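Report on one structure; see the data block that follows.
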Amino acid sequence: MTLLRRRTFLAASLATLSLPLATAAAAQQLSLAEVSRHLNSFTTAQGEFTQINADGTISTGQIYIKRPGRIRFEYNPPDRSLVLSGGGSVAIFDPQSDTNPERYPLAETPLKIILESTIDLGQSGMVTRHTYDGTATTVTAQDPQRPQLGNIQLRFTGNPTELRQWIVTDDTGTQTTVILGDLAKNVAIPDSRFNITAEARRWGG
């Protein structure tokens, strides 16, 4: 088995293990209203994540969310990268680079859908697929005004409703999977964690 195939197998195994076994009470598809309610039930969250990259490699780290518009991915060694969203922009800090972080508008990534101040997956044209596989409910959403930017596939389990993972497909078709650990919700997270300019200074940019 090649290295890439081993990584792909491990990635698939991780994605499966991230979803607990369904109980009889949870064995039903969650409505768009219910998953929207869940996402709106917290404005901040933090915890561990596992990321499956497009090439099959796997990264881990800490995630911090503060709606609207802010998210922070701190990657563990040997990666040590940082992805930060704040002030309407996304910045990617690469420890191997001596240049300023790569930046692009948050509005151009499907991730913005779950970082809105109010999340409504029931609005017209946003959800393109809504399925249930006996264990988890999957909702695929896009910006109805700019579907060409890609989509985000959200997986939820029930009883109680929890967001377990997402897959972002960008405008080139590249997919990145994020599997969430247990999240601490509605906790205090300082705004400074999402300040791209201040972070760039710390990185020497």
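Using mature numbering (1 follows the signal peptide of the UniProt record, and there is no 0), the letters of the sequence shown correspond one by one to residues -27 to -1, 1 to 178. Each residue gets a CB set at the ideal place from its N, CA and C atoms; glycine is no exception. This structure is a prediction, so every number in the text was calculated from the model and none was measured.
Under the 8 Å Cβ criterion, the region 141 to 148 does not count as touching the region 95 to 112, having fewer than three qualifying pairs. By the Cβ-count criterion, A18 is buried, with 16 or more other Cβ atoms from all chains shown falling within 10 Å of its own Cβ. Remark: C-beta atoms of F129 and V8 approach each other more closely than 8 Å. Judged by their CB atoms, A114 and I86 are nearer to each other than the 8 Å cut-off. Residue pairing by DSSP places S32 opposite Q24 in a beta bridge.
Unbroken beta strand (DSSP E) stretches of 3 residues or longer found wholly inside the region 46 to 86: 55 to 59, 62 to 66 and 75 to 78, given in chain order. Under the three-pair Cβ rule at 8 Å, the region 59 to 74 does not count as touching the region 15 to 31. DSSP places F129 within a strand segment (E or B) once states are collapsed to three. If you look at R10, you'll find it in the alpha helix (DSSP H) that goes L5 to N13. Around the Cβ of Q1, a 10 Å sphere holds fewer than 16 other Cβ atoms; the residue is exposed. The beta carbon of P41 sits closer than 7 Å to those of L88, E89 and S90, all from its chain and outside the five residues before and after it, given in chain order. In the three-state reduction of the DSSP assignment, Q115 falls in the coil class, being assigned neither a helical nor a strand state. Here DSSP, grouped into helix, strand and coil, assigns L122 to helix. With respect to the C-alpha of F66, the residue from A80, E47, P51 and P83 having the closest C-alpha is E47.
Rounded to whole angstroms, R137 and P78 show a C-alpha spacing of 26 Å.
Each of E81, N49, A171 and P50 was checked against the Cα of S62, and the nearest Cα belongs to E81.
Scanning its chain for C-beta atoms nearer than 6 Å, with the 5 sequence neighbours on each side dropped, one finds around F15 the residues K158 and N159, in chain order. Under DSSP, R102 forms a beta bridge with T113. Between R76 and S58 a beta carbon distance of about 10 Å is seen, past the 8 Å cut, so the two are scored as non-contacting. Under DSSP, V141 forms a beta bridge with I125 and T149. Residue state for L88 is assigned as helix, using DSSP reduced to three classes.
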